[in-house]
Every structure is written in C-alpha cells, then in structure tokens.
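Undergrad: Below is one structure. I have some questions about it.
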Amino acid sequence: MSGRGTATVAAVAKGLPSLSLAEVVATSGLMSRTDRKYVLSLNDFLAVTEALSSRCLEIDGQRVFGYSSTYFDTPDLAIFRAHRQDRRRRFKIRTRTYTDSADTYCELKVSGRRDETVKVRRPHPAGSAHGLTAPALAFLDDALTAAYGRPAPRPLIPALVTDYRRTTLVTADTRITCDTSLVWRAGSRSLAAGGDLVLLEVKSASERNSVTEALAKLRIREQSVSKYCAGLVALGLATGGNRWRPALRRLGVA
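See the structure below:
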C-alpha cells in the first residue's frame with residue numbers, strides 16, 4: 511500500500527476527537543469478537559468515515575502506529591492449511607511488536623462458534639520477536655488445550671513477517687482498525703501491497719453494527735483476507751489459496 515494511503519488515514523484521524531488507550535480498552539477491548547474485513551479505495555474509506563461518528567486512539571500525541579508481526583507455523587504449514595480448508599478448530603500464533611514502543615506480545619487467535627474470534631496474549635521479550643521462548647510455548651500449550659483440548663503443534667518456526675501502519679477508530683459499538691503500508695517478508699522474499707488502499711477490519715461483539723451498516727449502504731462488500739494466509743500465497747510460499755485471490759487482486763499483488 512502506498513504512502514498516500516497512510517497519509518489519507520492520518521489526515522482523517524487528525525480531524526477526529528481523541529481517545530486514550532485506557533478508554534479504548536474500557537469501551538472495546540474485544541478480545542472475544544466478530545471480525546469483518548474490507549479492502550477499500552481511498553474514496554470509499556473517506557465515504558465510510560464521513561458516515562460514522564467515531565473517535566481515534568491517540569498515544570503521546572500520535573495516531574498512526576507501526577506494527578510488526580511474526581507468524582509461526584509447522585514446517586509443513588499445518589496452521590495455514592487449517593485455514594485454507596476452513597476447519598472449525600483453527601488458530602494463528604504470532605508475536606506482535608508495536609514498533610514505536612518496542613512492546614512485544616505472544617498472541618494466540620482461535621476461531622470460535624459463529625465466526626467469533628478469541629485472542630489471548632502475554633508479554634514477550636522484544637529481542638525474541640522472531641522466536642518462541644519456553645514460557646511462550648507453555649502459554650500457547652495451556653491456551654490451546656483450554657480451547658481445543660490439545661497443545662500447540664511442534665515444531666513451530668517463523669513463517670512470515672508482516673509490517674504495516676495502523677490507526678484505530680472507535681464508535682459506540684465497534685473498533686475499526688485501518689491498516690496501510692503493508693509489507694510481507696519471509697527470508698529473502700518481500701512484497702509490498704500496492705495501490706492507494708486501506709485494509710479495514712471491523713471488530714464488534716455482534717455481526718451487525720453501525721459500521722457494517724454504513725459499508726452495506728455504500729455497497730462495499732466484506733472480503734476474505736488474512737494477512738498471514740494471503741501473504742504466504744502472495745509470496746509463493748503456499749498453494750491452494752484461491753479464497754484469498756480476490757483480496758490479493760484488490761491489493762495489487764495477484
């Protein structure tokens with residue numbers, strides 16, 4: 511995604527009332543939620559944000575933040591394949607670093623009933639963002655055993671890194687993340703999403719909310735897109751990713 515996308519999101523964010531991180535957590539922490547994803551042109555992004563009454567997360571005067579996530583999988587990509595096959599018991603394992611502060615977490619996202627996403631996480635050493643420590647593996651084992659009755663698979667190796675810029679908007683019933691400048695990396699391979707686009711994720715406790723209604727009125731459809739799965743396909747590291755091809759075409763990398 512081009513710098514123009516980040517600049518457009520930043521300009522919109524600048525004109526909105528601010529919200530502290532504590533307020534975001536208090537009003538819409540949403541570790542258990544329904545996620546809806548959309549790939550928007552800049553014009554569509556502007557139309558959607560104009561239709562909403564939202565506030566913007568601000569930390570130390572900043573409203574656009576850098577993120578870097580390392581995703582882990584087995585050597586034969588068992589985690590990817592579970593998503594490709596749309597298995598009920600699927601999950602993602604990653605470390606996430608907030609690059610402006612270097613705060614890092616080990617995170618597990620599991621898919622629940624009715625497309626619900628549940629996320630749990632624990633602090634992780636910033637210097638080990640590309641690896642899983644013994645405490646992280648124990649945490650993952652406990653969390654996956656609680657969710658699905660089995661520990662995390664072994665071995666787990668770094669499979670993909672995603673870097674992007676994120677702005678977070680909050681309405682009365684949703685949290686909206688607006689991602690731009692997306693880059694996928696794996697070993698010597700890297701690929702930047704092209705075009706003046708915004709990857710919008712609508713996170714809510716329910717499927718219907720003010721944001722999805724605004725998007726529907728603008729005839730903007732939900733898109734099947736996973737940064738991890740789509741990135742592996744885009745880099746040529748995984749096959750059989752037809753379900754993500756429309757999103758990759760929208761992102762200018764297919």
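The numbering used here numbers the first residue of the sequence shown as 511 and each following residue consecutively. All C-beta atoms in this analysis are idealised placements derived from N, C-alpha and C, irrespective of residue type, glycine included.
1) Is the beta carbon of Ser564 closer than 9 Å to that of Leu531?
2) Could you have a look at Ile730 and say whether DSSP puts it in helix, strand or coil?
3) Ignore the nearest five residues each way along the sequence and tell me which others in Glu568's own chain have a CB closer than 6 Å to its CB.
4) Return yes when the Cβ of Val574 is within less than 9 Å of the Cβ of Thr677, no when it is not.
5) Would you kindly report the start and end of the unbroken beta strand (DSSP E) that includes Thr607?
6) Exposed or buried, which one is His640 when buried takes at least 16 other CB atoms within 10 Å?
7) Okay, do the segment 711-726 and the segment 586-595 touch, 3+ Cβ pairs below 8 Å being the bar?
8) What are the boundary residues of the alpha helix (DSSP H) that includes Gly513?
9) Measure the beta-carbon distance from Gly571 to Val708 and round it to whole angstroms, keeping in mind my assumption that it falls under 8 Å.
10) Mark Asp689 as exposed unless 16 or more other C-beta atoms lie within 10 angstroms of its C-beta, in which case mark it buried.
11) If you follow the beta strand (DSSP E) that Val680 is part of, which residue opens it and which one closes it?
12) Please name the residue or residues paired with Pro633 in a DSSP beta bridge.
13) Given a threshold of 16 other Cβ atoms within 10 Å of its Cβ, counted over all protein chains shown, does Asp706 qualify as buried or as exposed?
14) Skipping 5 residues on each side, what residues in its chain have a beta carbon closer than 7 Å to that of Arg660?
TA: According to the structure shown:
1) Between Leu531 and Ser564, the gap from beta carbon to beta carbon reaches 9 Å or more.
2) coil
3) Ser528
4) Yes, these two residues count as a Cβ contact at 9 Å.
5) 601-608
6) exposed
7) no
8) First-last of the alpha helix (DSSP H) with Gly513: 513-524.
9) Rounded to the nearest angstrom, the Cβ distance from Gly571 to Val708 is 22 Å, too far for a contact under 8 Å.
10) Asp689 comes out buried.
11) 667-680
12) Tyr615
13) buried
14) Leu654
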